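Visitor: Have a look at this one before I ask anything.
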Amino acid sequence: MAVERAKPRRTLKAMLWPAAQVLVGFSAGLALAKTMSLPEEQIALIGTVITLVTWLADEAVTLPAKDTRLGAALHGTLRFLALVGFIMALQSLAALNGLTS
Numbered sequence: 000m001a002v003e004r005a006k007p008r009r010t011l012k013a014m015l016w017p018a019a020q021v022l023v024g025f026s027a028g029l030a031l032a033k034t035m036s037l038p039e040e041q042i043a044l045i046g047t048v049i050t051l052v053t054w055l056a057d058e059a060v061t062l063p064a065k066d067t068r069l070g071a072a073l074h075g076t077l078r079f080l081a082l083v084g085f086i087m088a089l090q091s092l093a094a095l096n097g098l099t100s
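Numbering that gives the first Met the number 0 puts the sequence shown at residues 0 to 100.
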């Protein structure tokens, strides 16, 4: 006869993690929405700075290894932020050169 084990209870930390992700996503969305109302020159500069800072943080700061859970999350977040900054800069520069409508 098999004995059933009780499921471990979720800790407060585990329950707050999704709420923290929602809060960070909402804040980032608001920041991007406010940024998009700026002139194209400033958006291009902000995108370039975001890309450079995230690249520098990835290269210069000692982060956890990429094969750990925390390291994978940090490296993935930094790469995503660099991509967002690059796209912001590229789109703004294209608009300044008249390549977009």
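Yeah, the Cβ is synthetic: ideal placement off N, Cα and C, and Gly gets one too. Predicted model, so just to flag it, every value in this text is computed and none were measured.
Can you tell me whether Glu3 is helix, strand or coil according to DSSP?
Guide: Residue state, collapsed to three classes: coil.
Visitor: Taking just the CA atoms, how far does Asp57 sit from Pro63?
Guide: Approximately 11 Å between the Cα atoms of the pair.
Visitor: Under a three-way DSSP split, which group does Pro63 fall into?
Guide: Three-state DSSP puts Pro63 in coil, outside helix and strand.
Visitor: Going along the chain, which residues of its own chain have a beta-carbon closer than 6 Å to the beta-carbon of Glu3, five neighbours each way excluded?
Guide: Counting only Cβ-Cβ distances below 6 Å, and skipping sequence neighbours, we find nothing.
Visitor: For Ile129, which option in His74, Val21 and Ala43 has the closest C-alpha, if you only look at C-alpha atoms?
Guide: What the structure shows of the chain is the stretch from 0 to 100, and residue 129 is not part of that stretch, so it cannot be assessed.
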